[in-house]
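> Pasting in a structure now, in structure tokens, and then I'll have a few things to ask.
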Amino acid sequence: MSVYQRVVDWIDLRLGVRDILEQNLTHYLLPRNINVWYTLGAVLLTLFGIQFITGILLLVYYVPDTGQAFDSVQQIMNEIPFGWLIRYLHVVGSNLIVIALLLHMLSVLFMAAYKTPRELTWVSGFLLLNLTLGLCLTGYLLPWSQLSFWATTVATDAAGAVPVIGDDIVRFLRGGAMVNEATLGRFFALHVMGMPLLFGLLVGVHLFCVRRAGISRPPFGDGYVPRGPRYTFEHEHHYGGIPFFPNYAVKDAAVISFFLVLLAAIVFFWPTLFMPPAGFEPADPFTTPEHIKPEWYFLWAYQTLRIFPDKFLGLAVQVAAMTFLALLPFIDRSRERRPARRPLFLICFVAGIGVFVALSIWGHYA
Amino acid sequence: MSDPSKSPPKRRAFLVTLLSGLAGLFAAAVLYPLWRFLSPRKGTGEQEKVRLERASVPLGGAHFFNFRGGPAVVVQPQAGSFIALSAVCTHLGCVVKWQEENDEFFCPCHAGRFSPRGEVLGGPPPQPLPELNVEVEGDQILIG
Amino acid sequence: MAKQVIVLILASVLFAPWSALAAESSCVECHRPQPGALGDPVGQWEGSIHQRHGINCSSCHGGDPTIMSMEAMSLEKGFLGVPAEDDIPSFCGSCHAGVMEDYLLSAHGQALGAGGPHCVTCHGNHAVELASLDIINRDLCTRCHEYGQADEMKSAMAKVDDKISSLQEETRRLRKLGFATEKIKNSIFSVRNQFHQLFHTVNVETVRSQTEEFSQELEKIDQQVAAMHQEVKNRKLLGGGVVVVLGAICILLVLLRKTYKDEEERVHPPGPPSMRP
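Shown next, in the form of structure tokens:
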């Protein structure tokens, strides 16, 4: 008996790991018609892992002080061996995450996987999306560049549209009247501790929901029939399906490596794709750079604020749209999941994407 | 390599072999930058001498300073003669104190005692304090 | 919020286009409609580098542009009017002090008042533009002397001039890639400033020896820039390797997936999947 065998036996005797692995890997069966979109969860988990690791590495040299933050980032970019690589991985990685998150959400929408009994999976996923955007926003300030400073000024300023208490909210977000040391302090704490902790917890909840309810069967093919109503909890089994490991895990790995190719290609050949020149100028509270624009994934919100003559109205529309998305499973309650039989939904789906893209492009060129 | 005539398990074994090779290469491409990123940096001041004001070392007294990242001390037992030593006790690494009344170094951790030249006078230290080179240049002292 | 408003107001005052303020000055108001030498300078000045940087009539000619009467041009208000030819260097030199010094020491400056050229001879007056080496040209120089020496100086300086512009351009590009170019930018700027002192010496020997020195200094800076370019290349090389390896891994994984897919289809041929047993 090999040493490896003996070690596994020893652990197995005490913790029954073979059983756990069987249940969750080799005997965990997935629907036979499972498609490539189901890999996005694994892709996101990997990308977040990269953010987590590169984030800790950046923390080794980053100094969260308005006087030193920019220089410490410059040092990472120029003096620390491969510091540029770690930083660009973190920057580009965050953008790829938003792309993957949007694709993940769109595929779940299209296949109506958010419907009962998976409302909680959807809601936890939606919270994760918002937390990710929060991480993007707080992380943006940390390099203390012109881009950081003014993007944060503009973003926090949007909260001023709330009637009566708007100014107080802005002050609270910034920790003062203007973006300053206090803002950096609270954004730093949120970005490296508060939000990641909450994020980890929510990922746990999300995965638990996915695993407990069982993978949803893609609503395609002749054999698909919507499930009838359930009155007790029931895990959705896929008898005769394909094992998660190794069959589907290989597909996960293939798509993950595809995203890694994308990440590496941008980091090495087009590193400033998501980094305008203002990102390399130290923050100057007395000079607003020209043509300051938010990140691409906030452009839709930025443009919405500009379309409406009243700032509050713009903000209200955004909040309404986000709330609608968050509560979608409670609004759209029919059992039908096949896209072809949900024409109204399909129209809204395509129109929604269209509006998002149009607003973003408009915001970019406005 | 994806010859359909071959059975899936055979193709699979071949692919897995290739993959593990590439995965090794990729792991190296990840680990090397990581290693370099975290390696201590060769500070520009590592080999430089430390320059002190002569007046900062009182006669019969000691002056503690930072020498290439570690604590060090310079004493002036007689006028014009300076001795520089590492201030790290050779026993367990505490920083020694200068006791002007006894003219000796005392380690507060386990009562090790050293002479102004760094020799062990008593207590557990196994070795004398390492001595550093001193040059006097006008009203300045060069150490290192 | 209040602080923000103050900053915004401050910013708008600091960065307001000066032409808007200058246009309201009494000089422009009264002189613009006047014919000939009294009115022409207004149009010449508009669009000039002086106008673009907020240097207006009173900056050079004195007087008080806020007074809407002839009193604006009174001596008490520091009005200087049109300088005599001999006074032109000190007129311009009130701002361009270093250049005036260089000029007065040069052969050109020594000949001031004896038919020698002054600032306006070469640079023009109201329509002044950013000075460049093109000011040294056959037409201008041969008005007083042979072009030979001037041409020699020009070609010696052109090399340094080109090098400075190209280095400045390259550092701007590298900065956009995240390189710390502040130091290099400063050393280029310092060489540039020293180099510009040469322009008014009009001494072939000085120009020849000094341009040599500047070239050497620029060479050193060029090496630093070249090292950064090399770094960019190295990153792409490394990146190429990583992308190829990852791409190969991706393809192999797709093929690996296919081996499982083949097996799956052998057990359950494609077609309507069987319902739950």
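Chains as they are written, first to last, in our numbering: chain L, 1 to 366; chain E, 1001 to 1144; chain U, 2001 to 2277.
Where a beta carbon is used, it is the ideal one built from N, C-alpha and C, also for glycine.
Give the straight-line distance between the Cα atoms of residue 11(L) and residue 2252(U), rounded to the nearest whole angstrom.
Looking at the two C-alpha atoms, the distance is approximately 33 angstroms.
> Are the C-beta atoms of residue 158(L) and some chain U residue less than 8 angstroms apart?
It does not: the Cβ of residue 158(L) has no partner Cβ on chain U nearer than 8 angstroms.
> Can you tell me where the beta strand (DSSP E) holding residue 1076(E) begins and where it ends?
Here the beta strand (DSSP E) through residue 1076(E) covers 1070-1078.
> Return the residues of the region 2170-2182 of chain U that lie within a Cβ-Cβ distance of less than 7 angstroms from chain L, sorted by chain order.
So the close ones are 2175, 2176, 2177, 2178, 2179, 2180.
> Can you list, in chain order, the residues of its chain with a C-beta nearer than 7 angstroms to that of residue 311(L)? Leave out the 5 residues immediately preceding and following it.
Counting only Cβ-Cβ distances below 7 angstroms, and skipping sequence neighbours, we find 161, 305.
> List the residues of chain E that residue 2245(U) touches, going by C-beta distances under 8 angstroms, in chain order.
Residues of chain E passing the Cβ test: 1022, 1025, 1026, 1029.
> Just reading off the alpha helix (DSSP H) that residue 2255(U) is part of, what are its end residues?
Looking at the DSSP string, the run of the alpha helix (DSSP H) that includes residue 2255(U) is 2204-2267.
> Could you give the uninterrupted runs of the alpha helix (DSSP H) lying entirely in the region 134-160 of chain L, keeping only those of 4 residues or more?
Qualifying alpha helix (DSSP H) stretches, in chain order: 146-157.
> Is the shortest distance between the beta-carbon of residue 1012(E) and the beta-carbons of chain U less than 8 angstroms?
Output row for residue 1012(E): interface = yes.
> What residue ranges within the region 2116-2200 of chain U form continuous beta strand (DSSP E) runs of no fewer than 3 residues, ordered along the chain?
Complete beta strand (DSSP E) runs here, min 3: none at all.
> Under 8 angstroms, Cβ to Cβ, is there at least one residue of chain U near residue 261(L)?
Chain U, which has a Cβ nearer than 8 angstroms to the Cβ of residue 261(L), makes this yes.
> For residue 1099(E), report the span of its beta strand (DSSP E) as first-last.
Here the beta strand (DSSP E) through residue 1099(E) covers 1097-1099.
> So, using beta-carbon positions, are residue 2204(U) and residue 2168(U) closer together than 8 angstroms?
Not a contact, by the Cβ cut-off of 8 angstroms.
> Below 8 angstroms on the Cβ atoms is my guess for residue 2027(U) versus residue 2058(U); work out the distance and round it to an integer in Å.
Sure, about 7 angstroms apart at Cβ, within 8 angstroms.
> What beta strand (DSSP E) runs, 3 residues minimum, are completely inside the region 2036-2118 of chain U?
DSSP runs (the beta strand (DSSP E)) wholly in the region 2036-2118 of chain U: none.
> Tell me whether residue 128(L) is buried or exposed, calling it buried when 16 or more other Cβ atoms sit within 10 Å of its Cβ.
Classification of residue 128(L): buried, given that the 10 Å Cβ count is 16 or more.
> What does residue 2249(U) reach in chain L if we use C-beta pairs closer than 7 angstroms?
Within 7 angstroms Cβ-Cβ: 257.
> Taking contact to mean 3 or more Cβ pairs, one atom from each stretch, closer than 8 angstroms, check whether the region 92-108 of chain L and the region 181-199 of chain L are in contact.
No, the region 92-108 of chain L does not touch the region 181-199 of chain L.
> Taking Cβ-Cβ distances shorter than 8 angstroms, what residues in chain U pair up with residue 280(L)?
In chain order: 2175, 2176, 2178.
> In chain order, what residues of the same chain have a beta carbon less than 7 angstroms from the beta carbon of residue 330(L), not counting five sequence neighbours either side?
Cβ within range, chain order: 119.
> Are the C-beta of residue 2239(U) and some C-beta of chain L separated by less than 8 angstroms?
Closer than 8 angstroms to some Cβ of chain L, the Cβ of residue 2239(U) qualifies, so yes.
> Would you kindly work out how many angstroms separate the C-alpha atoms of residue 2091(U) and residue 2080(U), rounded to a whole number?
Distance between the alpha carbons of residue 2091(U) and residue 2080(U): 9 angstroms.
> Assign residue 1120(E) to one of three DSSP states: helix, strand, or coil.
Here residue 1120(E) sits in strand by DSSP.
> I'd like to check one pair, residue 31(L) with residue 398(L): are the Cβ atoms closer than 8 angstroms?
The structure shown has nothing for residue 398(L), since chain L only spans 1 to 366.
> Report the neighbours of residue 368(L) on chain E: residues whose CB is nearer than 8 angstroms to its CB, in chain order.
Since the first and last residues shown for chain L are 1 and 366, residue 368(L) lies out of range.
> Taking 6 angstroms as the limit between beta carbons, can you name the residues of its chain near residue 229(L), skipping five residues before and five after?
None.
> In terms of residues, what are the limits of the alpha helix (DSSP H) holding residue 1135(E)?
Here residue 1135(E) belongs to no alpha helix (DSSP H); instead the beta strand (DSSP E) covers 1134-1137.
> By Cβ distance below 6 angstroms, which residues in the same chain neighbour residue 309(L) in space, the five residues on each side in sequence not counted?
Nothing meets the Cβ criterion.
> Alpha carbon to alpha carbon, how far is residue 2142(U) from residue 2087(U)?
Their backbone Cα atoms lie some 24 angstroms apart in a straight line.
> Please list, in chain order, all residues of the same chain as residue 363(L) whose beta carbon is under 7 angstroms from its beta carbon, the five residues on each side excluded.
Closer than 7 angstroms at the Cβ level, and outside the excluded window around residue 363(L), lie 299, 300, 302, 303.
> Against chain E, does residue 52(L) count as a neighbour if the rule is that its beta carbon must be under 8 angstroms from one of theirs?
Not an interface residue.
> Taking the CB atoms as reference points, tell me whether residue 1088(E) and residue 1116(E) lie closer together than 8 angstroms.
No, they are not a contact pair.
> Whose C-beta lies closer than 6 angstroms to the C-beta of residue 216(L) among residues of the same chain, with five residues either side of it excluded?
These residues qualify, in order along the chain: 113.
> Consider the Cβ of residue 1017(E): report whether some Cβ of chain U lies at a distance smaller than 8 angstroms.
Not closer than 8 angstroms to any Cβ of chain U, the Cβ of residue 1017(E) fails to qualify, so no.
> Below 8 angstroms, can you find three or more Cβ-Cβ pairs linking the region 313-332 of chain L to the region 197-204 of chain L?
No contact exists between the region 313-332 of chain L and the region 197-204 of chain L.
> What residues of chain L sit near residue 1038(E), judged by a beta carbon separation below 8 angstroms?
Per Cβ cutoff of 8 angstroms: 57, 60.
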